[in-house]
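Here the protein sequences come in this chain order: A and B. Each residue of the first sequence is one higher than the last, beginning at 318 in our numbering. Each residue of the second sequence is one higher than the last, beginning at 318 in our numbering. Positions of the beta carbon are idealized from the N, C-alpha and C atoms, including for glycine. Taking it in order: structure first as structure tokens, then the write-up.
2 protein chains.
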Amino acid sequence: MPEALKKQDRRRAPETAARILDAAESLFSVRGYHGVSLRDIAAEAGVQVALTHYHFGSKEDLFRSVIERRADEHALGISTALEQAKTVTGTRETRRQAVIRSFFAPIVEKSMRGGQGWKNYVRLLALVANMPQEDESVSAFRQSYDALIASYIEVLRTIDPEMDEQDVHWCFFFLQAAITHILVESKMLDRQSGGSLQSSDLDAMIEKLVAFFGAGFRGLGARED
Amino acid sequence: MPEALKKQDRRRAPETAARILDAAESLFSVRGYHGVSLRDIAAEAGVQVALTHYHFGSKEDLFRSVIERRADEHALGISTALEQAKTVTGTRETRRQAVIRSFFAPIVEKSMRGGQGWKNYVRLLALVANMPQEDESVSAFRQSYDALIASYIEVLRTIDPEMDEQDVHWCFFFLQAAITHILVESKMLDRQSGGSLQSSDLDAMIEKLVAFFGAGFRGLGARED
DNA sequence: AATTTATTTGAACGATCGACTAAATATATT
DNA sequence: AATATATTTAGTCGATCGTTCAAATAAATT
Numbered sequence: 318m319p320e321a322l323k324k325q326d327r328r329r330a331p332e333t334a335a336r337i338l339d340a341a342e343s344l345f346s347v348r349g350y351h352g353v354s355l356r357d358i359a360a361e362a363g364v365q366v367a368l369t370h371y372h373f374g375s376k377e378d379l380f381r382s383v384i385e386r387r388a389d390e391h392a393l394g395i396s397t398a399l400e401q402a403k404t405v406t407g408t409r410e411t412r413r414q415a416v417i418r419s420f421f422a423p424i425v426e427k428s429m430r431g432g433q434g435w436k437n438y439v440r441l442l443a444l445v446a447n448m449p450q451e452d453e454s455v456s457a458f459r460q461s462y463d464a465l466i467a468s469y470i471e472v473l474r475t476i477d478p479e480m481d482e483q484d485v486h487w488c489f490f491f492l493q494a495a496i497t498h499i500l501v502e503s504k505m506l507d508r509q510s511g512g513s514l515q516s517s518d519l520d521a522m523i524e525k526l527v528a529f530f531g532a533g534f535r536g537l538g539a540r541e542d
Numbered sequence: 318m319p320e321a322l323k324k325q326d327r328r329r330a331p332e333t334a335a336r337i338l339d340a341a342e343s344l345f346s347v348r349g350y351h352g353v354s355l356r357d358i359a360a361e362a363g364v365q366v367a368l369t370h371y372h373f374g375s376k377e378d379l380f381r382s383v384i385e386r387r388a389d390e391h392a393l394g395i396s397t398a399l400e401q402a403k404t405v406t407g408t409r410e411t412r413r414q415a416v417i418r419s420f421f422a423p424i425v426e427k428s429m430r431g432g433q434g435w436k437n438y439v440r441l442l443a444l445v446a447n448m449p450q451e452d453e454s455v456s457a458f459r460q461s462y463d464a465l466i467a468s469y470i471e472v473l474r475t476i477d478p479e480m481d482e483q484d485v486h487w488c489f490f491f492l493q494a495a496i497t498h499i500l501v502e503s504k505m506l507d508r509q510s511g512g513s514l515q516s517s518d519l520d521a522m523i524e525k526l527v528a529f530f531g532a533g534f535r536g537l538g539a540r541e542d
């Protein structure tokens with residue numbers, strides 16, 4: 318009897334599994350975990366309910382699978398962006414702005430240029446970030462995210478070692494707030510760009526973010542030179 | 318037959334209704350609308366399920382009632398704070414900081430000094446803000462909130478009339494992001510204050526917000542003099 | 001072609017959901 | 001005390017939930 322965990326031993330129809338993941342990703346990201354039924358997902362994917370259990374097991378397993386599908390690529394994108402930002406030289410302001418840019422750019426880029434799937438995924442991320450921590454279904458994801466945050470804080474502290482540590486945490490807290498809000502309100506971004514998103518608009522938006530939050534850091538004592 | 322809308326014609330036990338609202342407020346704010354059943358709420362309140370229907374009607378009506386209980390007081394607090402901020406004179410920076418303070422202070426104050434009920438309520442607000450707009454159960458609330466935002470934008474534009482209008486919207490977008498994130502992560506604030514919250518800590522936090530976001534505005538072209 | 005394995009279908013299961021009703025109880029009014 | 005109204009209880013309704021299973025179908029292997 319085929320238990321849920323085995324995938325494509327013979328290449329057959331993993332396309333069905335992808336359709337289920339797409340449907341789940343889209344619905345979860347809008348209505349949340351409890352607001353979506355397996356029958357909703359199956360209907361959206363055009364398959365039978367039992368197929369969700371065959372391919373992914375329980376509903377919670379399916380939710381985990383939705384996240385895991387893109388998590389690695391997403392984490393890699395951010396961490397490599399941070400590594401690149403570390404190599405930037407110049408004034409503190411320049412280096413700090415590079416770090417801020419490396420935090421915003423990958424996820425904004427994926428959301429705006431990665432197609433509908435990535436847009437749904439990043440919206441789902443914001444939803445996960447607001448979940449009660451007791452939810453074990455996303456604890457692994459949150460752990461890796463927290464580790465990433467810690468590495469960002471560390472880099473920012475090497476740039477401004479004399480800055481109060483609490484203040485650095487506050488600054489980064491505001492960065493997280495902004496990125497979360499952007500992901501949730503992605504419709505607003507669509508509206509702002511009038512439906513047809515230009516690459517120049519996207520770059521301009523990132524520069525707004527860098528300018529605003531770079532200045533914010535200075536408001537809490539970060540040095541410019 | 319008593320239909321759901323009639324309240325205390327004779328003063329009897331509105332205390333029960335309050336207990337139901339408290340339970341619903343607490344549970345909704347953590348697990349969301351769909352993550353909580355009427356039986357959960359009734360159990361938390363120590364009453365029968367049918368009582369929720371007797372006092373408040375449907376589940377959606379109950380959700381609305383939870384919000385409406387505190388919405389007026391909350392809205393009044395913010396709008397009076399804005400009116401006071403309008404009277405502040407001095408440099409643009411001073412006046413702008415007063416506006417920013419008036420946006421953060423009332424809600425942070427209620428969350429930290431208004432008891433557990435208010436803390437749950439403001440967390441629920443952040444949850445509502447992330448709801449899909451199609452949900453009609455909160456459309457009235459969102460309308461009044463949007464109107465408030467518009468009045469804030471208007472005041473900020475009178476302070477910096479030469480600033481690009483889009484940039485003003487961006488700045489305020491970041492303000493909203495911060496307040497939302499603060500409400501969701503209220504546990505973090507508790508931890509930061511070590512459980513025993515001092516009034517001085519609260520004031521210090523608000524000053525961090527004002528300093529950071531005041532500087533952020535300048536990063537997008539707001540003038541200081 | 002025969003067999004094995006992978007995938008999909010269709011239908012059911014027990015549990016729980018929101019909603020509702022009739023009866024019982026408590027409180028106030030006459 | 002008798003009556004009227006307000007509140008609470010206990011239980012039921014159909015619908016929908018997540019999950020499971022046996023049978024049917026499709027694809028690969030022998």
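Interface annotation, residue 460(B): not in contact with chain A, CB-CB separation never under 8 Å.
When 9 Å is used as the limit between beta carbons, residue 351(A) is near these residues of chain B: 348, 349, 350, 351, 352, 353, in chain order.
Against chain A, a Cβ distance below 7 Å from residue 535(B) picks out 532. Comparing alpha-carbon positions, the option among 500(B), 492(B), 400(B), 362(B) lying closest to residue 447(A) turns out to be 500(B). Taking a beta-carbon distance threshold of 8 Å, residue 447(B) counts as an interface residue toward chain A. When 414(B), 387(B), 378(B) are compared, the shortest CA-CA separation from residue 524(B) is found for 414(B). Contact annotation: residue 494(B) and residue 495(A) have beta-carbon atoms nearer than 8 Å. With a minimum length of 4 residues, the unbroken runs of alpha helix (DSSP H) contained wholly in the region 407–434 of chain B fall at 409–430. The C-beta of residue 493(B) comes closer than 8 Å to at least one C-beta of chain A. With a threshold of 8 Å between beta carbons, residue 498(A) makes contact with chain B.
Residue 436(B) has a beta carbon lying at 8 Å or more from every beta carbon in chain A. For residue 485(B), no CB of chain A lies under 8 Å from its own CB, so it is not counted at the interface with that chain. Distances from the alpha-carbon of residue 458(A) to those of 368(A), 387(A), 361(A) put 387(A) closest. Straight-line measurement puts the Cα of residue 378(A) at about 16 Å from the Cα of residue 344(A).
Sorting 391(A), 541(A), 346(A), 491(A) by C-alpha distance to the C-alpha of residue 480(A) places 541(A) at the top. Using beta-carbon distances, residue 345(B) does not count as an interface residue toward chain A, since no partner is under 8 Å. Residue 528(B) reaches chain A at 536, 537, counting residues in chain order whose Cβ is nearer than 7 Å. Counted as a single uninterrupted DSSP element, the stretch harbouring residue 350(B) is not any alpha helix (DSSP H), since DSSP gives it neither H nor E. By the Cβ-count criterion, residue 334(A) is buried, with 16 or more other Cβ atoms from all chains shown falling within 10 Å of its own Cβ. For residue 404(B), there is no enclosing alpha helix (DSSP H), since its DSSP letter is neither H nor E.
In the assembly as shown, residue 381(A) is a buried residue. Its beta-carbon has 16 or more other beta-carbons within 10 Å.
If you draw a straight line from the Cα of residue 472(A) to the Cα of residue 537(A), it is about 17 Å long. Listed along chain A, the residues sitting closer than 8 Å to residue 525(B) by beta-carbon distance are 484, 487, 537.
Residue 336(B) holds the alpha-carbon nearest to the alpha-carbon of residue 364(B) among 336(B), 349(B), 373(B).
Only exposed fits residue 432(A), as fewer than 16 other CB atoms lie within 10 angstroms of its CB. With a threshold of 8 Å between beta carbons, residue 425(B) makes no contact with chain A.
Against chain A, the beta carbon of residue 501(B) has neighbours under 7 Å at 447, listed in chain order. Note on residue 467(A): under 16 other CB atoms within 10 angstroms of its CB, so exposed under the neighbour-count rule. Residue 369(B) is a Cβ neighbour of residue 359(B), given a cutoff of 8 Å. In the three-state reduction of the DSSP assignment, residue 448(A) falls in the coil class, being assigned neither a helical nor a strand state. Distance from the CA atom of residue 393(B) to the CA atom of residue 521(A), rounded to whole angstroms, is 37 Å. Between residue 346(A) and residue 440(A), the C-beta spacing is below 8 Å.
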